[in-house]
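Student: Encoded as structure tokens, here's the structure I'll be asking about.
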Amino acid sequence: MAEGKHHHLFNRHKEEEETVDAVTYSETAYRVDGPGQFYENTEAVSYASVDKKNDYEKYEEEEKHHKKKEHLGEMGAMAAGAFALYEKHEAKKDPENKHRHKIEEEVAAAAAVGAGGFAFHEHHDKKEAKEEEERAEGKKHHHLF
316 MAEGKHHHLF NRHKEEEETV DAVTYSETAY RVDGPGQFYE NTEAVSYASV
366 DKKNDYEKYE EEEKHHKKKE HLGEMGAMAA GAFALYEKHE AKKDPENKHR
416 HKIEEEVAAA AAVGAGGFAF HEHHDKKEAK EEEERAEGKK HHHLF
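Here the numbering used here = 1-based position in the sequence shown + 315.
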């Protein structure tokens, strides 16, 4: 295995060091050199939060995440819509089970609307993530209207 690359589950690469939230250590030593002579020695170590990713990378990753979910919603809406059309065709083709096919058509149409709403929601979240990414990058927006 090459230096600096660590393979983990699903071939994801992780950096060697993880984020440190907070570490505090202190030690106090006392010494007596005779009657009435006390000495105190204090040593303290403290680590602040270390974050490997900057804001721009975080928002870019979030934007990709919402984009994938948006596409998933779009595919769900298309599949449910296609199934609704199929059931509409089956209702005409199979008069014995027409009522069942109509019910399945309506359920599929409702699922298509729900998936479309999910895709719209993710599109909105993706736009917000993109705006936050641009703010983190330093671009300024001047809204005239």
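All C-beta atoms, glycine included, are put in the ideal place defined by N, C-alpha and C.
(1) Tell me which residue opens and which closes the alpha helix (DSSP H) that Gly432 is part of.
(2) Please classify Lys441: is it buried, with 16 or more other beta-carbons within 10 angstroms of its beta-carbon, or exposed?
(3) Looking at C-alpha atoms only, which residue of Ala451, Tyr401, Glu376 is the closest neighbour of Lys417?
(4) Do three or more CB pairs link the segment 389 to 409 to the segment 370 to 381 at distances below 8 Å?
(5) Report, in whole angstroms, the separation of the C-beta atoms of Ala430 and Ala395, which I expect to be a contact under 8 Å.
(6) Let me check understanding here. Comparing Cα to Cα, which of Lys384, Lys379, Asp409 lies closest to His436?
(7) Write down the C-beta distance between Glu389 and Ala434 rounded to the nearest angstrom, noting that I regard them as a contact closer than 8 Å.
(8) Is the separation between the beta-carbon of Ala423 and that of Lys413 shorter than 7 Å?
(9) What does the alpha-carbon distance come out to for the pair His439 and Glu376?
(10) Residues in the same chain with beta-carbon distance under 7 Å from Lys382, minus the five sequence neighbours each way, listed in chain order, please.
Tutor: The structure says:
(1) It spans 413 to 452 - the alpha helix (DSSP H) in which Gly432 sits, taken as one unbroken run.
(2) Lys441 should be labelled buried.
(3) Out of Ala451, Tyr401, Glu376, Tyr401 has the C-alpha closest to the C-alpha of Lys417.
(4) Contact fails: fewer than three Cβ-Cβ distances are below 8 Å.
(5) That pair is a contact at about 6 Å.
(6) Per the Cα distances, Lys384.
(7) With a contact defined as Cβ atoms closer than 8 Å, Glu389 and Ala434 qualify at about 5 Å.
(8) Contact: no.
(9) So the two alpha carbons sit approximately 16 Å from each other.
(10) Excluding sequence positions up to five before and after Lys382, its CB lies within less than 7 Å of the CB of Lys441, all in the same chain and listed in chain order.
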